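Report on the following structure.
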Amino acid sequence: MTDPTRRTLLKGIASASTIAGISAIGSAKTRRDMTNAPPESPFDFEYRTVGDDVRDAVGHLWWLLTVDHDRINELLEKSPTSTKGTRQKQETVDELRSTYEVELERDEENERELTYHFTESRVSALQEAAIGQDTLKESKNGKEAIKSVAESVSAGLQQEVEPATEPMHAGTIHEEMAATAIEGTDHSAQKTQLKDGSTDPDQWPQKCRVCSNDWMSLGGKFDLIDISPDTAEEKIRKKIRDIDDSASPHHMYVPEGQEFEATFLAPSSPGYLTPVVEVTGAAPREAQQHWENATSGKPTDFRKVGRAFHFMQDVSQPLHTGAIGPQILETQGTIHEAYAEFIKDNWENADDTSKAFLDKFNEGIENPGMDGSMEEACKAIANDSSNYSEQVYETIVENGPENRDDWDDFVENSAHACMWLTGSYSRGALNQL
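Start counting the sequence shown at 4; every next residue gets the next number (the working numbering).
What follows is the structure, encoded as C-alpha cells:
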C-alpha cells in the first residue's frame, strides 16, 4: 500500500512504525503450555483515537474535524446538492474547523496512542454553537447544521462506490478462519462442523440465537418523549442492521460503550429533548453462551464451538468495536463494506497488502493463548481492535472506499494485529478442549 496523497498537519506525527518480529513457538507441548496465558501481541505501530473532550463537544461528528479539509470539500462537491448549497456547506465546514481546531497528543502511559484533543481548553458544545446560522439558515443550531453537512459528505462518498452486483457476504472468511484454526490439532476431523457453525449466526433471522439483553442503554430524556423502550430498541437494531445485513448489536462489542444522539427516534422533538443512547453490544456474551452449550456435555459439539468462534471473529473487526455512531447515522454500510471486502480480498492472496492475512492468522496460531473464559477472550480481542476503529474509519473516508492504494499502512498493520490475536485465541480455545 502507498502513503496517502492527502495529509493534514495534524497527522504529521502519526506515521506507523514497523511491526516487531514474531518468533514461532517450536513444539506442540510448548504451545499447549502457553494456552493458559493470555497472548502478548508483538505489534507496536501507532494509532489515532478521539479524546473525550472532542466527543463531548461534537459527538459522533468528530470525523469532520479529523479527515483532510480538502477531502471534505471534495465529497461535498460530489454530493447531489446544488452549487449554491455545496458552497454554503463548505463555508460551514470552514467555520466548524476554525472554531473546533484539534491536534494530536501522545498518551503519557501508552506511547503508541495518539489522541485528538482541542487546541483550546474551553470549547462549547456544538448544540450551543451558532455555526452555520449565517449560511444554513434552516438549521436551528450548530449541531443541526453540521449534521446536514455530514449527510451531504456521506452522499458524496456513496457516489464513489460502484453498485454491488450481489450482496456482500463475509461467510467465507468465517469459514476460512475456523478451518485454519482447527487444522493440525487433535480435533481436525471436526473441521466441517466447526466451519458450518461459524456461519450459522449470520443465517438466523435475528442474527442471534441467545439474543442477550442489555446491549444498549437509554438516556434519561426517554422519559420525556413518546416512545417505548421496546420500540426504541427495535429501531436502533434496524439502524445497525442497515450498516450490513450481517451486522447486529449481538455481533458487536464496544468496550467502553458509545453514546450518540438518536434523532431518528423522535424527529419532531425539540433539540433539547433529543434522546441519547449508548450502544455496547453483546458479542462476548453470545460467544460465551454458545461455548458453554458446546462444552457442557460429551462429546464436544463443534458446530456450537463454531458459533462461538463467529462472535469472537466479529470483534476482531475494528468497525464492529468502534466508530458505531458515524456508521449508524451517516455512512451506513459504505465504510463497513469497504473494510470487510479488503479483509476478504487479502485473506489468502495479499493483492493489496505486504502479507496475506491468513499468514498473520497462522502466526497467531503458533503463539496460542487463552486466559479465562470465551467471553473474556472476546473482550480482550475487542479491547485491541477498538483501538483502531476511528483511524480505520477516518482513513477510508479520507481516501475513498475503493482507493485501497491510497489507504495508509495503518489499515494493513492494524488488520494484521487483529488477525494475529484472533488466531492466537482461536487455537488457545481449541487446545482447551
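Just so you know, even glycine gets a beta-carbon here, dropped at the ideal spot from N, CA and C.
The structure presented is a predicted model; accordingly, all values stated were derived computationally and were not measured.
For Met373, there is no enclosing alpha helix (DSSP H), as DSSP marks it with neither H nor E.
Within the segment 329-355, no run of beta strand (DSSP E) at least 3 residues long lies entirely inside it. Counted as a single uninterrupted DSSP element, the alpha helix (DSSP H) harbouring Pro204 occupies residues Lys194 to Gln206.
Secondary structure at Met219: strand, using DSSP grouped into helix, strand and coil. When the five nearest sequence neighbours on each side are left out, the beta carbons in the same chain lying within less than 7 Å of the beta carbon of Val395 are those of Pro321, Leu322, Tyr342, Val414 and Ser417, in order along the chain. A distance below 9 Å separates the beta carbons of Ile368 and Ala184. Checking the DSSP bridge columns, you'll see His120 partnered with Glu106.
Inter-residue distance for Arg430 and Gly309 is about 12 Å (C-alpha atoms, whole angstroms). Taken through DSSP and simplified to helix, strand or coil, Val164 comes out as coil. In terms of Cα proximity to Phe225, the closest of Lys242, Ala265 and Trp350 is Ala265. Assignment of Gly300 by DSSP, reduced to helix, strand and coil, places it in the coil class. For Thr52, the enclosing beta strand (DSSP E) begins and ends at Tyr50 to Val53. Nearest neighbour of Gly145 by Cα position, chosen from Thr425, Lys382, Ile338 and Arg100, turns out to be Arg100. Assigned with DSSP and collapsed to three states, Gln136 falls in coil, not helix or strand.
Buried is the label assigned to Ser201, since at least 16 other Cβ atoms lie within 10 Å of its Cβ.
When the alpha-carbon of Asn402 is set against those of Arg58, Asn76, Ala60 and Val57, the nearest one is in Asn76. Burial state of Ala181 is buried, judged by a 10 Å Cβ sphere holding 16 or more other Cβ atoms. The segment 45-59 makes no contact with the segment 76-85, as fewer than three CB pairs between them are under 8 Å. One thing to note: Leu221 has its Cβ within 9 Å of the Cβ of Pro232. Here the alpha carbon of Ser427 sits roughly 8 Å from the alpha carbon of Phe364. Contact check for Asp205 against Gly336 fails: the beta carbons are separated by 9 Å or more. With 16 or more neighbouring CB atoms inside 10 Å of its own CB, Gln330 falls in the buried class.
Pro258 is positioned such that its CB atom lies closer than 9 Å to that of Lys382. Between Ala153 and Leu64, the CB-CB gap stays under 9 Å. Cβ contact annotation for Trp294 (same chain, cutoff 6 Å, sequence separation greater than five): Ala311 and Met377, in chain order. Taking the CA atoms as reference points, Glu179 sits about 23 Å from Ser392.
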